[in-house]
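Protein chains in written order, with our numbering: chain A, 50 to 193; chain B, 1461 to 2003.
Encoded as C-alpha cells, the structure appears first; notes follow it.
Set out below in C-alpha cells:
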C-alpha cells in the first residue's frame, strides 16, 4: 500500500443520504495512510461539495454512497466540470450495483469501490489518480 | 487463537454445570410465559402465535409500492406489512423540494402526504394485518395522522387497526443523521405517543437498536443502548406527560439486528427479555405482567450481506432467521441477498419470505418454546451479555441518560470505534468473510443476480406529480389549518400538536408544509435546508 502523504481529499456524503459510518471509517483509514482529509459529513448538496473543493484546493473528492441517490452524484460531477475542476477525480464507495457503477463511470466518476474493498485498493487508486500526481490529465481518462 | 464474542467475552472450548454457578431456574428463566420472561411470553410459544413474517417494501412511487405490497401478500405475507420511507419524507420535506427532487422514491416510499398514503394502501385492508411504517422519527406524528384520516374516510373503526407508526428519535443519530433537530423530533414523538395512549389507539412505537448494530455497534452495547432508550422514553411519558407506566409499557417494541454469530444472537434476545422485565418491575414498578413483556422484532443483518458472491447471503440469512426464531422473536423481516447492491428485487424478496416459511414449516424450530434453555453454553452467554450490557447502560446513565449520551456524542463515538475495529479485522484478514477476503473468486466467475434499477427520471416524475397536485388542493382550508398549527406550535413543549396535525393532514397539507409551520412556530426556519420559503405570510412568533 502506498502513502497518501501530500494528497488532500474531501470525504463526504451527498444529498439526503444520512448514513455516516462508511464515510467515517474511510476518512480515518485515509488519514492513517497519510492523506489530508477534509471531512464534510452528511447532508451536503453538490453545490456545497464543489464550493469546498474550490476553497480547499483538493486533489480528489470521495463520496460515500448508501442511499441510491445517484442523481446527486451526477450533478456533482457536472458542477465540478463547469467550474473547470476536470482533473479532480470523484471516487465513490458504498452499495452501488454494477450497472449503476458502469453508468456513473460513463458520466465521469473515476472509480467505484463496492463494500468489502480493501484499504490497499482504495489508497493505491487514489494515489495514482489524485490531481497532484496527474498534472493536467482529463478526468475521463481515469474512468478507463 | 482466542475465540471471543463480538463484545470481547472469551469463549471456552466446552461448557459444563460449573459455568452456571448459582443458576436458579425460577429466578433466572421461569417457565415460558412467566416472569422474568427469559423464555418468552407464551406458554405454547409459536404454537399459539406464529411470528409475523414480513418483508420491507417501499421504492418508487406510492402506486408502485402498493403493487409490491400486493405481491408480498401473494407470497404469503398476511400477518403484517412493513414499509420504509424514502430519505425525502424521512426528513419531512416534500418530493418537489429542490433537494428532494433528485431522490424522491429512492430507497423508500415517498410518503409526504395523505394522498401518498391513500395510494400506498389502495385495495389493501387497514385491519387484519399489522401496519408498520419506518424510516425515521420526524414523520411519526404524520404517519399516525395518515392512519387516523384514512380510517375515517373508509369508515373503519380505528380501534380495529393495529401496528406501529411511531419511531423514537435516538436512532436518527446512530451511524446516520437527521436534518430535523433532536428536540423537535423528540417533541413530535412524545406528542404522538401520548395521543395514542390517551385515545387507546393500538399503535406501537419502535425503539430500535438495529441501526446501532448495523452501523457497527456490538451485541452487548446494543443491549445497553436499548435499555437506555426505553428508560428515557418511558420516563418522559410518565414524568413529563403524566401517563401511567402500565399504559406506557405496551407502547414500545424493539427491533434488533441479528447477525450470523448464532448462539450469541439467541443469548442477546433472551437477555433483553429478562433485562426489560426487571427494569419494568423493579424500576418502573409495573403492576401488570404485560408491562414486563417487551415485543422484540428481528431484522436479519444487512451489514453481513456481502457484495461479493451474493448467493452466499441466502445461507447467512437462513442462519440468522433460525437464530431469530430460536431466540423467540415476535416478528421478523430479512435483509435480502442483494442488500449490498440495491433495494430488494422480486426474487430476493421472495427468497427472504421463503426462508422464513422454510424455517417455520420444515425445520421444527417453531414446535418447542425456547429450545436452547438449559444449555450450559447458551445460559452462560445469556449471563455474560447481560452483565456486559448493564455495564454499557451504567456508562450511559452516568452521562445523564440516553438524550445526554446522544447529545454528547458518546453513542456516535461508541459506534465509530466498533465500526473501525470491525473494518480493520476484515481488512487485515484476521476475520474471515467468505467471498470477501476468504475463498475469493474472480469477479467474472460470480453468479449474476437480478438487480432492482433506480432511475433519476422516476424521482422527477414523483416530484412533478406532487407540484401539480398541490395546485389542485383547497388552499384556503389548508392555510387555515396551517395557521392553527403554527399558533399551537408556539404553546410550549407539552402542548400536544396531534389534533392540529391530524386536521392539517385531513385537508391534504403536506409533510413539508406541516413541519415547516411547526418549525416557524418554534423559531426555526421554514425549510431545514434553507432553500425554500413558507408559501404564505405568517405573523412572527411571540418571543
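Where a beta carbon is used, it is the ideal one built from N, C-alpha and C, also for glycine.
For residue 1803(B), the nearest beta carbon of chain A is closer than 8 Å to its own beta carbon. Among the CB atoms of chain A, none fall inside 8 Å of the CB of residue 1555(B). At a beta-carbon threshold of 9 Å, the residues of chain B lying near residue 124(A) are 1562, ordered along the chain. For the alpha helix (DSSP H) assignment, the segment 1740-1783 of chain B encloses no uninterrupted run of at least 4 residues. C-alpha of residue 1897(B) to C-alpha of residue 1913(B): approximately 28 Å in a straight line. In the DSSP annotation of this structure, the continuous segment of the alpha helix (DSSP H) that includes residue 1887(B) starts and ends at 1870-1887.
Put simply, the CB of residue 1559(B) is near chain A, with a gap under 8 Å to one of its CB atoms. The three-state reading of DSSP puts residue 1650(B) in helix, counting H, G and I together. The beta-carbon separation of residue 1809(B) and residue 1757(B), rounded to 18 Å, does not stay under the 8 Å limit for a contact.
The beta carbon of residue 124(A) lies closer than 6 Å to those of 95 in the same chain, with the five residues before and after it left out. Looking at the backbone, the Cα of residue 1703(B) and that of residue 1697(B) are separated by about 6 Å. If you look at residue 1592(B), you'll find it in the beta strand (DSSP E) that goes 1590-1594. Taking the beta carbon of residue 1649(B) as reference, no residue of chain A falls within 7 Å; the closest one sits roughly 17 Å away.
The three-state reading of DSSP puts residue 1835(B) in coil, since its state is none of H, G, I, E or B. Runs of beta strand (DSSP E) with 3 or more residues, each lying fully within the segment 109-157 of chain A, are found at 109-114 and 139-143, listed in chain order. Taking C-beta atoms as the reference points, residue 1783(B) and residue 1751(B) fail to come closer than 8 Å. Taking CB atoms only, residue 148(A) has a neighbour in chain B less than 8 Å away.
Distances from the alpha-carbon of residue 1534(B) to those of 1575(B), 1572(B), 1813(B) and 1625(B) put 1813(B) closest. Taking C-alpha positions only, residue 75(A) is separated from residue 1674(B) by approximately 16 Å.
Collapsing the DSSP output to three states places residue 170(A) in a helix. Counted as a single uninterrupted DSSP element, the beta strand (DSSP E) harbouring residue 1718(B) occupies residues 1712-1718.
A direct Cα-Cα distance of roughly 8 Å separates residue 1630(B) from residue 1642(B).
Residue 1811(B) has its alpha-carbon roughly 33 Å from the corresponding atom of residue 155(A). Contacts between residue 1639(B) and chain A, judged by CB atoms closer than 7 Å, involve 92 in chain order. Sequence-distant Cβ neighbours of residue 1786(B) in its own chain, meaning closer than 7 Å and more than five residues away, are 1726, 1825, 1831 and 1832. Of the other Cβ atoms in all chains shown, 16 or more fall within 10 Å of the Cβ of residue 1545(B); this residue is therefore buried.
Between the segment 1645-1656 of chain B and the segment 1951-1968 of chain B there are three or more C-beta pairs closer than 8 Å, enough to call the two in contact. Measuring C-alpha to C-alpha distances from residue 1895(B) to each of 165(A), 81(A), 175(A) and 138(A) identifies 165(A) as the nearest. For residue 1735(B), the three-state secondary structure derived from DSSP is helix.
The straight-line gap separating the alpha-carbon atoms of residue 1518(B) and residue 1908(B) is approximately 24 Å. Proximity of the segment 1470-1479 of chain B to the segment 1761-1770 of chain B falls short of the contact definition, fewer than three beta-carbon pairs being nearer than 8 Å. Every unbroken stretch of the alpha helix (DSSP H) spanning 4 or more residues and falling wholly within the segment 1943-1995 of chain B is given here in chain order: 1958-1966 and 1971-1981.
At the C-beta level, residue 139(A) and residue 112(A) come within 8 Å of one another. Chain order gives the chain A residues near residue 1567(B) as 116, 117 and 118, where near means a beta carbon separation below 8 Å.
With three or more CB-CB distances shorter than 8 Å, the segment 1965-1981 of chain B counts as touching the segment 1594-1611 of chain B. Taking a 10 Å sphere around the C-beta of residue 1734(B), we find 16 or more other C-beta atoms and assign the residue as buried.
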